[in-house]
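Accompanying notes for the structure given below.
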Amino acid sequence: MIYSRITGTGGYLPEKVLTNKDLEKFVDTTDEWIVERTGIRQRHVAETQSACDLAEIAARRALEMAGKAPEDVDLIVLGTSTPDLVFPSTASLLQGRLGIKNGGAAFDVQAACSGFVFALSVADKFVKSGVSKCALVVGAETMTRLMDWNDRGTCVLFGDGAGAVLLEASEEAGILSTHLHTDGAYEHLLNVAGGISRNSEALLEGRAFLQMKGNEVFRMAVNTLGRIVDETLDANQMSKSDVDWLVPHQANIRIIQATAKKLDMPMERVVVTVADQGNTSAASIPLALDTAVRDGRIQRGEVLLLEAFGGGFTWGSALVKF
Ligand code: ACO
1 MIYSRITGTG GYLPEKVLTN KDLEKFVDTT DEWIVERTGI RQRHVAETQS ACDLAEIAAR
61 RALEMAGKAP EDVDLIVLGT STPDLVFPST ASLLQGRLGI KNGGAAFDVQ AACSGFVFAL
121 SVADKFVKSG VSKCALVVGA ETMTRLMDWN DRGTCVLFGD GAGAVLLEAS EEAGILSTHL
181 HTDGAYEHLL NVAGGISRNS EALLEGRAFL QMKGNEVFRM AVNTLGRIVD ETLDANQMSK
241 SDVDWLVPHQ ANIRIIQATA KKLDMPMERV VVTVADQGNT SAASIPLALD TAVRDGRIQR
301 GEVLLLEAFG GGFTWGSALV KF
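Position one of the sequence shown corresponds to residue 1 (our numbering), numbered consecutively onward.
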């Protein structure tokens with residue numbers, strides 16, 4: 001049996017920081033409201049950098065940790081909803097940036113905030129089937145470019161960043177299972193309603209903003225994430241106490257707390273970065289993972305539950321022996 005194991009992690013946040021106090025100056029909001037309802041205190045903003053710029057730094061850091069060179073990479077799967085261009089894909093651009101010649105496949109996966117879990121699941125299947133031996137999986141976003149800075153219900157929530165993991169084929173257990181879901185009936189609750197073949201004028205006129213009915217999305221997120229915890233544990237015949245760390249998508253501290261409660265997990269065993277980073281969509285899980293690996297909290301051999309919920313709706317999980 002071949003497994004895919006995470007052998008390196010990397011993350012990158014752009015330099016500019018926008019605090020809640022900064023937002024108070026031009027949005028009808030308060031630091032108190034944002035902290036109480038979301039747990040967010042600040043977010044990073046990519047001023048001139050693109051998703052590929054952020055991804056390249058995170059990817060190089062993951063490669064360095066794993067002791068691998070770019071030319072070892074035979075697959076890149078990149079989750080993003082904020083690609084540099086329509087095409088080439090951001091994964092293709094990243095492959096070029098890394099200087100990989102005649103490489104294997106490189107492509108983007110678009111699953112909004114679940115993008116990293118979807119990308120990880122795809123790459124895991126390539127590795128388990130023997131097609132890939134060394135896969136780079138990235139989540140990279142410039143979400144602040146999709147913000148309507150007059151909409152206080154959304155613009156206070158999101159931030160920019162990138163995270164990456166290197167997956168290598170191994171006989172030792174690594175990714176134990178992944179679980180992905182989509183329910184396409186909820187476009188009206190969460191969308192960016194400007195595209196190439198629909199509402200292209202919104203895109204061309206700079207009005208293609210992220211729109212969300214936050215309260216309804218919140219309820220759906222808590223319910224579906226609760227269900228996917230059971231699905232993931234059942235598939236592995238594991239119980240809640242077998243999980244060492246919850247590494248959740250970072251949308252809102254209250255959603256994270258609800259999932260931790262479902263797992264009977266104390267918040268000390270949950271990796272939380274939302275206060276400093278906001279919701280970086282597909283980048284948030286690999287960024288959180290990288291933070292807790294580098295600060296020594298997550299140790300080799302521990303069992304991690306990764307989970308995300310996002311536009312689509314999409315939701316997914318991965319159970320990982322690190
Ligand atoms: N500052 C001050 N007041 C605000 C702000 C703000 N930034 N935003 C909203 N309010 C007000 C609203 O206008 C409303 O006022 P009203 O009662 O007078 O009408 C009040 O606060 C309550 O608004 P709610 O939307 O009900 O607030 P809620 O407690 O639900 O919090 C939030 C909103 C933070 C958006 C929450 O619903 C949430 O986190 N939703 C889920 C987000 C998520 O997980 N998205 C999925 C991932 S995103 C992706 O896939 C791209």
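Glycine included, every Cβ here is placed at the ideal spot set by N, Cα and C.
Note that the structure is predicted; figures quoted are calculated from it, not measured.
Under the criterion of beta carbons closer than 8 Å, L93 and C52 qualify as touching, at roughly 4 Å. In the DSSP annotation of this structure, the continuous segment of the beta strand (DSSP E) that includes Q42 starts and ends at 42-45. For L204, the secondary structure class from DSSP, reduced to helix, strand or coil, is helix.
Per DSSP, Y186 has no beta-bridge partner at all. For L93, the three-state secondary structure derived from DSSP is helix. One Cα belongs to D160, the other to F209, and the distance between them is close to 15 Å. Just so you know, the alpha carbons of R300 and R198 end up roughly 47 Å apart. Fewer than three beta-carbon pairs drawn from the region 219-235 and the region 269-281 are found closer than 8 Å, and the two stretches are therefore not classed as touching. In the three-state reduction of the DSSP assignment, Q211 falls in the strand class, which pools E and B. L287: member of the alpha helix (DSSP H) spanning 284-294, first to last residue. Just so you know, the alpha carbons of G174 and H44 end up roughly 31 Å apart. Note: T19 is bridge-paired with Q42 in the DSSP secondary-structure output. Relative to the non-hydrogen atoms of the ligand ACO, the Cβ of T19 never comes closer than 7 Å to any of them. With respect to the 8 Å criterion, A235 and H179 are classified as neighbours on the basis of their beta carbons. Residue side-chain check: I255 places its Cβ nearer than 7 Å to a non-hydrogen atom of the ligand ACO.
Between G296 and A111, the C-beta gap is not smaller than 8 Å, which leaves the two residues out of contact. Using a Cβ distance threshold of 8 Å, G10 and D276 do not count as a contacting pair. Beta-bridge analysis with DSSP links S317 to H179, E307.
Membership of D53 in the alpha helix (DSSP H) is indicated by the continuous run 51-66. Remark: the C-beta of N215 is in contact range of the ligand ACO, defined as less than 7 Å to any heavy atom. The DSSP-derived three-state label of S239 is coil.
In the three-state scheme derived from DSSP, where H, G and I count as helix and E and B as strand, V247 is classed as strand.
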